[in-house]
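Colleague:
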Amino acid sequence: PVSTAGGDEDGVLEVGAMGANDSSATETISTAELNEIGLRFEVDGEIATIVLDRPDKRNAQTSATWSALARIGDNLPEQVRVVVVRGEGPSFSAGLDLSMFKPEGVPGQDSLAAVATLDDTAFDQRIAEFQSGFTWLRRPEIVSIAAVQGHAIGAGFQLALACDLRIVADDVRFCMKEPALGLVPDLTGTKPLVDLVGVSRAIEICLTARIVGAVEAVQLGLAEMAVPAGELAQAVHDLATALLATDRAAATATKRLLQGAPARTLAEQSAAERVEQVARIRALFASS
Ligand code: CAA
1252 PVSTAGGDED GVLEVGAMGA NDSSATETIS TAELNEIGLR FEVDGEIATI VLDRPDKRNA
1312 QTSATWSALA RIGDNLPEQV RVVVVRGEGP SFSAGLDLSM FKPEGVPGQD SLAAVATLDD
1372 TAFDQRIAEF QSGFTWLRRP EIVSIAAVQG HAIGAGFQLA LACDLRIVAD DVRFCMKEPA
1432 LGLVPDLTGT KPLVDLVGVS RAIEICLTAR IVGAVEAVQL GLAEMAVPAG ELAQAVHDLA
1492 TALLATDRAA ATATKRLLQG APARTLAEQS AAERVEQVAR IRALFASS
């Protein structure tokens, strides 16, 4: 694996084809900058891996983490088809860096007290920027997999929920802690949580801020699979390999179709299947 894929010798992540029309995609991000924020980005062929790499702080996340995630998404090398998100150390992520609650915040970054003074439009825009670090993981062109061990609290839980698939270690401890801290989960986690477990169970999990362990996570559909902690990396690699065995265009079209299904009627979904299949069959015979 090479660290900082698509980069040159100085470790600068180059602008990729995806998101090339987005103004933020013109920005590059260096390995040193990522390290400073507590992230690593590695690419091995069609698989990219984002590593939360502040194990001494249980991979706590800051606004810089979310901005960097957004920039990684904007600059994702075009060949990448699978994105793995994992955490270094005993925990996937302990969520929001609690220093952001202090008046001085995290050095050089937002404190919650500082963003609280923004006007409504600017405040909304700021949170939208944070959320953009998470939403790109659902793009149809890629499949994202969260490899989750230990604690996945608050923003950590939401980052796992932002991925298409979750493989968990048997020691996983999901917790939506935001309401217990006077906040709401706002990093795009509420929609996938409700889609996966239903409104009632989501209310119970969020408003009690209780721990959801591996067995229950699989039972609820929050995780695709639970494995012994020592087998997590191999299980994720095996899944990524299986996903890559499928034709890319067909995989993209199928993911797009499946993602749209919950919001469509049967008739609308049937029509969407026809549209995708017409394009697929034409493409197959055009290339044969
Ligand atoms: N922010 C900053 N530092 C954190 C942290 C966090 N969220 N979580 C852990 N750390 C730090 C600890 O302060 C400690 O640092 P020092 O060694 O310098 O003292 C180090 O990480 C190790 O922590 P612990 O000794 O507590 O490790 P543990 O393995 O015994 O416990 C834990 C792990 C259960 C995650 C515990 O650390 C914990 O409860 N952390 C706080 C979790 C939390 O409340 N997160 C906020 C969620 S809400 C959210 O995320 C809001 C949002 O998105 C909008």
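Mapping of the sequence shown onto my numbering: residues 1252 to 1539, in sequence order.
Glycine residues also receive a C-beta, built at the ideal position from the N, C-alpha and C atoms.
Note that this is a predicted model, so its numbers are computed, not measured.
1. Mind the definition here: the stretch 1496-1514 touches the stretch 1385-1399 only if three or more C-beta pairs lie below 8 Å; say whether that holds.
2. The alpha helix (DSSP H) with Phe1343 in it runs from where to where?
3. Would the C-beta of Ile1404 count as close to the ligand CAA, meaning under 6 Å from any of its heavy atoms?
4. Is DSSP giving Thr1459 helix, strand or coil here?
5. Mapping DSSP to helix, strand and coil, what is Met1351?
6. Identify, in the order they occur along the chain, each residue of the same chain with its Cβ nearer than 8 Å to the Cβ of Arg1332, setting aside the five sequence neighbours on each side.
7. Please return the same chain residues whose Cβ sits closer than 8 Å to the Cβ of Leu1363, not counting the five positions on each side in sequence.
8. Quick one: using the 10 Å Cβ neighbour count with 16 as the cut-off for buried, is Phe1374 buried or exposed?
9. On the CB-based measure, 16 or more other CB atoms within 10 Å of its CB, does Gln1409 come out buried or exposed?
10. Going straight from the alpha carbon of Met1519 to that of Ala1367, what length do you get?
11. Can you determine whether any heavy atom of the ligand CAA sits closer than 6 Å to the C-beta of Gly1356, and answer yes or no?
12. What is the DSSP secondary structure of Ile1396, reduced to helix, strand or coil?
Modeller: Reading from the atomic positions:
1. They touch, by the three-pair rule.
2. Neither: Phe1343 is in no alpha helix (DSSP H) and is coded neither H nor E.
3. Yes, since a heavy atom of the ligand CAA falls inside the 6 Å radius drawn around the Cβ of Ile1404.
4. Three-state DSSP puts Thr1459 in a helix.
5. It is helical.
6. Setting aside the 5 residues that flank it on each side, Arg1332 is surrounded in the same chain by Glu1297, Ile1298, Glu1392, Ile1393, Val1394, Leu1494, Leu1495, Arg1499 and Ala1502, each with a C-beta closer than 8 Å to its C-beta; the list follows chain order.
7. In its chain, beyond the 5 residues on either side, Met1351, Phe1352 and Gly1356 have a beta carbon closer than 8 Å to the beta carbon of Leu1363.
8. Result: exposed.
9. So Gln1409 counts as buried.
10. According to the sequence shown, residue 1519 is Glu rather than Met. In a straight line, the C-alpha of Glu1519 is about 42 Å away from that of Ala1367.
11. Flag unset: Cβ of Gly1356 not near the ligand CAA.
12. Strand.
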